[in-house]
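Sequential numbering from 4 applies to the sequence shown in the numbering used here. A virtual CB, placed ideally from N, CA and C, is assigned to each residue, including glycine. If you're wondering where the values come from, they're calculated on a predicted model, not measured in any experiment.
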Amino acid sequence: MNREQLLELPPVPRARVCVCGARVGWSHLEYLGAGRSLPVYVCSGCGLGYRGDGAAAASPSPPRSRKPLPEGGSPDNPVLDPEIARRILGSQGGG
């Protein structure tokens, strides 16, 4: 479904009961663009889709801070033993 089709869905009934009499339950959150999303509900009986309340804007996440690399470049890999690292490099033709 595209954005226009999603916005044309009927609003979810207050009692969460479809016109066919079956329960309407939450299905998923559909991204509309520009940080906005729309909850989508679906009837468990006939499969009719409904849109939730408004197109809520997603709360912006704070920017991630990056720690600077230590002086001298990237740190050594502390997971590998130096002997194993040498063997791996040797098997790949790098040393």
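What residue range is occupied by the uninterrupted alpha helix (DSSP H) comprising residue i?
i	result
G93	P85 to S94
E74	Note, E74: premise wrong, no alpha helix (DSSP H); not H, not E.
Secondary structure at residue i, three-state DSSP: helix, strand or coil?
i	result
L32	strand
L9	helix
C46	strand
P66	coil
P81	coil
With a 10 Å radius around its C-beta and 16 neighbouring C-beta atoms as the bar for buried, classify residue i as buried or exposed.
i	result
Y44	buried
L41	buried
P22	A small fix is needed here, since residue 22 is Val in this sequence, not Pro. Looking at its Cβ environment, which holds fewer than 16 other Cβ atoms inside 10 Å, V22 is exposed.
Y34	exposed
Locate the beta strand (DSSP E) running through residue i, then write down its first and last residues.
i	result
R54	G52 to R54
Run through the DSSP bridge pairs and tell me what residue i is partnered with.
i	result
V27	C46
V20	R26
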